[in-house]
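Have a look at the structure below before the remarks.
Numbering (this note's numbering), first residue to last: 37 to 220.
In structure tokens:
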């Protein structure tokens, strides 16, 4: 189970900074740049949609075996210094740990690796699945507009629902999605 805390929601720069935490207390910070800022609910939905990236990160980190370096001169363990994680787009990049031995410490840094081939296709597939799930949720939340015992949907409501159905055909889908704004 993941929890999240929104650190920054900046509609002017279309940017949300969120920290996800797992049950072990480990944290993963993500910058979301494709969010819909039309409402607080839309912001939270974007954060929930990107939780799959955090879950994938935690899964990879759980499978990693921690490395320990012993100094040959003294036979004692050197302290490990972790460098801050670089900004990256986890939809198309992954971070690979790099260890550098210095005289007095082991330095852990991370190199950005652009996903290619099957790994990139899998990441894009996961992103597409999340986008479609969110889109379907938005469609379900407007199904009541179509009921025969209502005054009927407005043209604005019909256009919104059609724009949701057309999302997968947008250029750049699923990595770059322009979400329609829900009418009142």
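Backbone N, C-alpha and C fix where the C-beta goes; we use that ideal spot for every residue, glycine too.
Item                                                                                                                                                              : Value
Tell me which residues share the same chain as residue 119 and place their Cβ nearer than 8 Å to its Cβ, disregarding the 5 neighbours each side in the sequence. : 143, 144, 145 and 146
When you compare each of 203, 156, 37 and 209 to residue 217 by their alpha carbons, which one comes out closest?                                                 : 203
In whole angstroms, give me the CA-to-CA distance for residue 66 and residue 96.                                                                                  : 16 Å
Could you tell me whether the stretch 46-60 touches the stretch 82-98, using the rule of 3 or more Cβ pairs below 8 Å?                                            : yes
Please report how far the alpha carbon of residue 68 lies from the alpha carbon of residue 190, in whole angstroms.                                               : 32 Å
If the criterion is Cβ atoms closer than 8 Å, does the pair residue 183 and residue 200 meet it?                                                                  : no
Roughly how many angstroms separate the alpha carbons of residue 215 and residue 78, rounded to a whole number?                                                   : 10 Å
By a C-beta neighbour count over all protein chains shown, 10 Å radius and 16 as the cutoff for buried, is residue 117 buried or exposed?                         : exposed
When the Cα of residue 39 is compared with those of 129, 86, 127 and 161, which residue comes out closest?                                                        : 86
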